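**Q** Have a look at this one before I ask anything.
Protein chains in written order, with my numbering: chain F, 1 to 125; chain D, 1001 to 1501.
Written out as structure tokens, the structure reads:
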């Protein structure tokens, strides 16, 4: 399983890059969901996003899930391309599969580094 | 020349009625009209809806062939967990078709429909007795509709007391998916409560959320792990102490008939699924029926109307049954009286079994589930492994067969002639396989199913591709679920355009 060391992670399986402000679903999450067939962005550019706010709704052949913001701030970009190619979240969750980018002004107190997140995933398996 | 395609695996493919259509072919003759013929104005003729042209035998063969693709509880074992795909005794169909019931119109004067009203009244009484509640509505169309009605009554109860700040509904993570959906549809805030390591509601997490903003809690008991919550009375107490109401999802009543009354456990509202617990056709056969029971405190809020005695028995005349509106009713939730045909079937089922027979139903349903669990638990990991109720949840995965998923096992079961169990639900179990045998299956059927599951576990390790490519013995092989979800096409093309897509 891929867990890049430059990112921070949440217990609800989101990642955030505190440098760029991009956030998305982790490799573990996409694996659990399996084939993702539908993504709906729940925020727009210029919205103010709170930590824990809903950023996207994701649906796979198995289940649907809400994605919660690991960090807050003003939304600067939404990955519009995912509407047509949601499967990118499966193939490239930390790259082309990013969901939302914010100008980070706050972050969750419970963010984990990659080592802690790796252990968190292993404990659940 | 016809291309018979006799090489390779025989795949049955049936064309659509439009593909079978041939201009001028007909199946019916209309009699000569007994009024003068008049040409319809051109503007009223619709040309965009062509009808297929077929003979009677074309149509019969087409639909009979399609029907053979179906799998139903009448054709085989159907262990679809949490759905209680129970065999529907054929006598139910006889009683539902009795002309006195089948030919009624719901707007007939009540003096002419006393038989139907008595049946509904008696069914109300029986369902109240089985659940321990004081009042009931038969109107809701199915389980989720019943939940919605129940939650609207809970809201109405709080508003009636002028307790307006209550907007929060607690839902355990082992609940049916319809529970949070119902609460959200009712405009409430959904808060999820985790399970503890025994599969019960985590009491500390519950206490932390039990405050004066609580509408209540929706608890599925037995829960979707097939486990009876060991602390159910304490859960009800915690919610009541916070001023909330307890909603019981009765979808899993098949485990408790004649054994436990939901009202005695502390619940305030509960829905039945007549189509699960009391037979009646289910799963494509429908429709459903989701009566909702309440305590006396909530009775005034029931949907209108309900069946009751409107004129007491007097001078040798029987009582007159009719329809009454509860004083603070939330209103009508269904046209007329609900799915009356389902009431007849459920009434028949309850009458045929009697109190002892219903208890037997639940005891055999629980015994059958525990028998399968006992024979599979050494091969399939069962994460919350204790005495189960009418169903249990196993994991469809092994560490030493890393590419095998629950879906592969489910598809392979079809090759052995069984309907797959529910998979990937509940979400709190990895690669979940949720197995519910129901009470009607004999030991031979259960053993054959278990043997197939054990064989599949062997195949998963020895010949995993056999599972990945399953099913092999069905009219169609593995379907492309991603394409089905993403490129859903529901329109019918005109015959002249057929083949373009």
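Glycine included, every Cβ here is placed at the ideal spot set by N, Cα and C. Keep in mind the model is a prediction, meaning the values are calculated, not measured.
(1) With a CB to CB cut of under 7 Å and the five nearest residues on each side skipped, what residues in its chain are close to residue 62 of chain F?
(2) Residue 21 of chain F and residue 53 of chain F - do their beta-carbons sit closer together than 8 Å?
(3) Measure from the alpha carbon of residue 36 of chain F to the alpha carbon of each residue in F:87, F:48, F:45 and F:77, then state which is nearest.
(4) Return the residue from the list D:1196, D:1179 and D:1195 that minimises the CA-CA distance to residue 1188 of chain D.
(5) Just curious, the beta strand (DSSP E) that residue 1171 of chain D is in, first and last residue?
(6) Considering just the uninterrupted stretch of the alpha helix (DSSP H) at residue 62 of chain F, what are its terminal residues?
(7) Would you mind giving the Cβ-Cβ distance between residue 1257 of chain D and residue 1359 of chain D, rounded to the nearest angstrom? I have them listed as a contact below 8 Å.
(8) From the beta carbon of residue 1384 of chain D, is the nearest beta carbon of chain F less than 8 Å away?
(9) State the DSSP-derived secondary structure class of residue 8 of chain F, mapped to helix, strand or coil.
(10) Quick one: what's got a C-beta closer than 6 Å to residue 1396 of chain D's C-beta in the same chain, skipping five residues either side?
(11) Name, going along the chain, the residues of the stretch 1198 to 1225 of chain D whose beta-carbon falls closer than 7 Å to a beta-carbon of chain F.
(12) With a threshold of 16 other CB atoms inside 10 Å of the CB of residue 1325 of chain D, please say whether the residue is buried or exposed.
(13) Return no unless some Cβ of chain F is closer than 8 Å to the Cβ of residue 1427 of chain D.
(14) Of all Cβ atoms in chain F, is any one closer than 8 Å to the Cβ of residue 1401 of chain D?
(15) Closest Cβ-Cβ distance between residue 119 of chain F and chain D: below 8 Å?
(16) Hey, could you find the ends of the beta strand (DSSP E) residue 103 of chain F is sitting in?
(17) Can you confirm whether residue 51 of chain F, when its beta carbon is compared against all beta carbons of chain D, has any partner nearer than 8 Å?
(18) Quick one: Cα of residue 1163 of chain D to Cα of residue 1181 of chain D, how far?
(19) Using three-state DSSP, classify residue 1472 of chain D as helix, strand or coil.
(20) Does the beta-carbon of residue 1008 of chain D have 16 or more other beta-carbons within 10 angstroms, so that it is buried, or is it exposed?
(21) I need the DSSP call for residue 1430 of chain D, collapsed to helix, strand or coil.
(22) Going along the chain, which residues of its own chain have a beta-carbon closer than 6 Å to the beta-carbon of residue 1225 of chain D, five neighbours each way excluded?
(23) Pull out every residue of the stretch 26 to 37 of chain F whose Cβ sits closer than 7 Å to any Cβ of chain D, in chain order.
(24) Just checking, does the stretch 1294 to 1307 of chain D make contact with the stretch 1328 to 1338 of chain D on the three C-beta pairs under 8 Å criterion?
(25) Quick one: what's residue 1456 of chain D bridged to in DSSP?
(26) Is residue 1078 of chain D closer than 8 Å to residue 1279 of chain D when the C-beta atoms are compared?
(27) Do the stretch 1106 to 1118 of chain D and the stretch 1142 to 1156 of chain D make contact, defined as three or more Cβ pairs closer than 8 Å?
(28) Since residue 1459 of chain D and residue 1391 of chain D are thought to touch, with beta carbons under 8 Å apart, how far apart are those beta carbons, to the nearest angstrom?
(29) So with Cβ pairs under 8 Å, would you call residue 63 of chain F a contact of chain D?
(30) Would you call the stretch 1346 to 1354 of chain D and the stretch 1087 to 1103 of chain D touching, i.e. three or more CB-CB distances under 8 Å?
(31) Do residue 1343 of chain D and residue 1123 of chain D come within 8 Å of each other at the CB atom, strictly closer than that value?
(32) For residue 1482 of chain D, decide whether its Cβ has a neighbour in chain F, counting only Cβ atoms nearer than 8 Å.
(33) To which residues does DSSP link residue 1293 of chain D through a beta bridge?
(34) Spell out the partners DSSP gives residue 1195 of chain D in its beta bridges.
(35) Between the stretch 1363 to 1392 of chain D and chain F, which residues of the former have a C-beta closer than 8 Å to a C-beta of the latter?
(36) Should residue 48 of chain F and residue 93 of chain F be called a contact, given that it needs their Cβ atoms to be closer than 8 Å?
**A** On the basis of the coordinates in this document:
(1) 33 and 34
(2) no
(3) F:87
(4) D:1179
(5) 1168 to 1172
(6) Where residue 62 of chain F is concerned, there is no enclosing alpha helix (DSSP H), given that its DSSP letter is neither H nor E.
(7) 6 Å
(8) no
(9) strand
(10) 1406, 1409, 1431 and 1433
(11) none
(12) exposed
(13) yes
(14) no
(15) no
(16) 100 to 107
(17) no
(18) 23 Å
(19) coil
(20) Only weak support is given to the placement of residue 1008 of chain D: the predicted model assigns it a pLDDT of 48, under 50, and the value that follows is read from those uncertain coordinates. Burial call: exposed.
(21) coil
(22) 1174, 1199, 1384 and 1393
(23) 35 and 37
(24) yes
(25) Note: residue 1456 of chain D sits in no beta bridge, so no partner.
(26) no
(27) no
(28) In fact, because the Cβ distance is near 24 Å, the residues do not count as touching under 8 Å.
(29) yes
(30) yes
(31) yes
(32) yes
(33) D:1136 and D:1270
(34) D:1201
(35) none
(36) no
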